[in-house]
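Quick note on numbering: numbering that gives the first Met the number 0 labels position 25 of the sequence shown as 24, and the sequence is numbered without any gaps. Working notes for the structure below.
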Amino acid sequence: MVQRRHKSHDSANDTEDNYTEKNKPSVTLSRDESMVICWHPEPKFPYECSKPMPRETEDTVQGDSPLKLQYIRDFRIRNRPTGPTISELSAIFYDTKHPFYPRPRATRRKVRNLPPPDREGI
């Protein structure tokens, strides 16, 4: 069972120790003891340990960098003005390639305009 910890807070005693103690992870129960409440703030990352962003190096030109610039190429392929290819459509809809080919319906349903047949009764 998790024990409830109470701590009084006085704004006059807000020092660096209190600031660091507020930013430590803590676990407690709600007032009606129906939930466990967890506080885990994002830890501070020292600037000395950070890495600078690359500027116009071979990695960024080729598309392999910490920014994942190769996704720009994938985005251009996916959103091209001609639309997806037949193989991409068949992979998206889990279907064969045949429903995605154009069907020449206009040529198939062409009605021939033949002259009317001569009528023998007239």
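Heads up, the beta-carbon is just placed ideally off N, CA and C, and yes, glycines get one too.
Residue(s) in a DSSP beta bridge with residue i
i, result
"CYS37", "VAL26"
Contact check, residue i vs residue j, beta carbons under 9 angstroms
i, j, result
"THR81", "SER89", "no"
"ILE71", "PRO83", "no"
Residue i versus residue j - alpha carbon distance
i, j, result
"ASP117", "HIS97", "45 angstroms"
"TYR46", "MET52", "13 angstroms"
"CYS37", "TYR100", "56 angstroms"
"LYS23", "PHE44", "14 angstroms"
"HIS8", "CYS48", "The predicted position of HIS8 is uncertain, since its pLDDT is 49 and thus under 50; a value taken from the coordinates is nonetheless stated next. Answer to the nearest angstrom: the Cα atoms are 34 angstroms apart."
"THR27", "LYS50", "36 angstroms"
DSSP-derived helix/strand/coil call for residue i
i, result
"ASN112", "coil"
"TYR70", "helix"
"ARG104", "helix"
"ARG118", "coil"
"ARG77", "helix"
"TYR93", "coil"
"SER86", "helix"
"PHE44", "coil"
"PRO51", "coil"
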